[in-house]
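In what follows, a structure is listed as structure tokens, so that the remarks can point back to it.
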Amino acid sequence: MSRATLRKVTLRLVPFLGLLYFVNYLDRVNIGFAGPSGMKADLGLTETAFGLASGIFFIGYLLLEVPSNLALHRFGARRWIARILASWGLVATAMAFVPNETVLYILRFALGVAEAGFFPGILLYLTYWFPQSQRARIVALFMVAIPVSTALGSTVSSLIIQYGHGVFGLSGWRFMFLVEGLPALLLAVVTWFFLTDSPAQAKWLTRDEKQWLSGELAAEQAEVEKAGHWTLRKALTDARILGLALVYGGIVYGLYALGFFLPTIINGFQEQYGTHYSVVQRGLINAVPYVIGAVVMVWWSRHGDRTGERAWHVALPALVGGLAIPVALYLGNPFAAMVAVTVCAVGVLAALPTFWALPSAFLSGAAAAGGIALINSIGNISGFAAPYITGGLKDWTGTQRAGLWVVGACMVAAALGVLALWKRTRPQP
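Residue numbers (the working numbering): 4 to 432.
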């Protein structure tokens, strides 16, 4: 019963949620493909201005993350996630018509407001359907959308930019924003009818399957609360939650620095190493670290679930990735540099799914909604800082090297931080 039921739930929910996250993440980072493909030149953006436009998304995201997740907990995932999709789809599509730097900032901020609550909302939703022992693996399957959206997205975005130039009188990067914003609007309608808020409401489960799954989750929640009841207020103010938020921030600093600036770094190989790549070739090169990262991420999360160990499954990949990335631009050829970048990407992606098994091990209910959202919200300040600092250091020093040293330092600090925190954070027997 247990294995068959969980397989049924996984096949029903995870591919669809992964598709939503694919579209979400692509709409968030496709500005990274637009920048070196004409947007910076057309709008007159410096590297610092481009970094600010990339990162200002996370200010709006930060402001509404916790309220949005609490609303999802109160009103149900189906309604709230559909609302988020519709909101961000409208803003993402409007990016095709941005006339200048100021409006670009406004739209990127608005995109963050529209998307607020989506990712932590999905993480919270998964706790309604999967026991703790399965969550790292399930979160990894869901988060495969990050490397897939970057790998496929880099190639697809590059093709749209190259072959969509002039369609409807738009430049290639504008046409890309138009095409990639529309799926969110369509999926908002599908979400309204497809998702189910809880196992008890699932018409696609048998009565026995509903009873078994609801009983397992209720018993697990009772054990979590028995170990120590967390109120919403405690979850939003506890030092351990804030510590986990800082650890998460160190990991995602690497994720977004690579996400927004790897296309620019690859473009810079042409000058640094005397090579030449077409738009499509740059997209394919950008995809390599994420394809490898997707495979390692799923394997590593399964290993974490099987062993039950969490802290080292976060710290080790973050440490290895953090040590690898600063040397990337000191290497003598683009192949060696991409090996170092790939190691960093693998480290980031392998650390993320198991990280999210940490807070869900001791939070439930409204406390889980608020705590997970707070961790994601504070951690994603790095989403603002990473591209802004990376771009600023590039303008200041004339090279990407300083920015990548900061990436490495943040990831190493995250690795050390999670080891220090987990002894205090994990539920005691």
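Using N, Cα and C, we set each Cβ at its ideal position, and we do this for glycine too.
Values in this document were obtained by computation on a predicted structure and should not be read as measured data.
Look at residue 316 here: in three-state DSSP terms it is helix. Secondary structure at residue 356: helix, using DSSP grouped into helix, strand and coil.
DSSP places residue 342 in the helix class (H, G or I) of the three-state scheme. Per DSSP, the unbroken alpha helix (DSSP H) holding residue 27 starts and ends at 5-32.
Taking a contact to require three or more Cβ pairs closer than 8 angstroms, the segment 91-100 and the segment 115-129 qualify as touching. Per the coordinates, the alpha-carbon of residue 121 lies some 12 angstroms from the alpha-carbon of residue 89. Residue 403 is positioned such that its CB atom lies closer than 8 angstroms to that of residue 268.
Apart from sequence neighbours up to five positions away, the residues of its chain that approach residue 359 with a beta-carbon distance below 8 angstroms are 126, 138, 139, 142, 375, ordered along the chain.
Taken atom to atom, the span from the alpha-carbon of residue 75 to that of residue 85 is near 11 angstroms. Note on geometry: alpha-carbon atoms of residue 330 and residue 339 lie some 10 angstroms from one another. Per the Cβ contact rule, the segment 153-172 is in contact with the segment 30-41 (3 or more Cβ pairs under 8 angstroms). Taking one beta carbon from each stretch, the segment 385-396 and the segment 176-185 have fewer than 3 pairs nearer than 8 angstroms; the two do not touch.
Straight through space, the alpha carbons of residue 30 and residue 344 are spaced by roughly 23 angstroms. When 133, 349, 159, 156 are compared, the shortest CA-CA separation from residue 16 is found for 133. If one requires a minimum length of 4 residues, the alpha helix (DSSP H) runs lying completely within the segment 154-228 are 175-197, in chain order. Here residue 64 has 115, 116, 118, 119, 380, 383, 386 as same chain residues with Cβ atoms under 8 angstroms from its own Cβ, once five neighbours each way along the sequence are excluded. Taking 8 angstroms as the cut-off, the beta carbon of residue 414 is found closer than this to the beta carbon of residue 254. The way I'd put it, the segment 290-310 does touch the segment 150-161; three or more beta-carbon pairs between them come closer than 8 angstroms. Per DSSP, the continuous alpha helix (DSSP H) segment holding residue 76 begins and ends at 60-78. Shown here for residue 300: same chain residues with a beta carbon closer than 6 angstroms to its own, the five before and five after excluded, namely 143, 352, 353 in chain order.
Just so you know, the alpha carbons of residue 98 and residue 42 end up roughly 11 angstroms apart. If you check the CB distance, residue 107 and residue 46 come in under 8 angstroms. The alpha carbon of residue 395 has as its nearest neighbour, out of 206, 203, 247, 260, the alpha carbon of 260.
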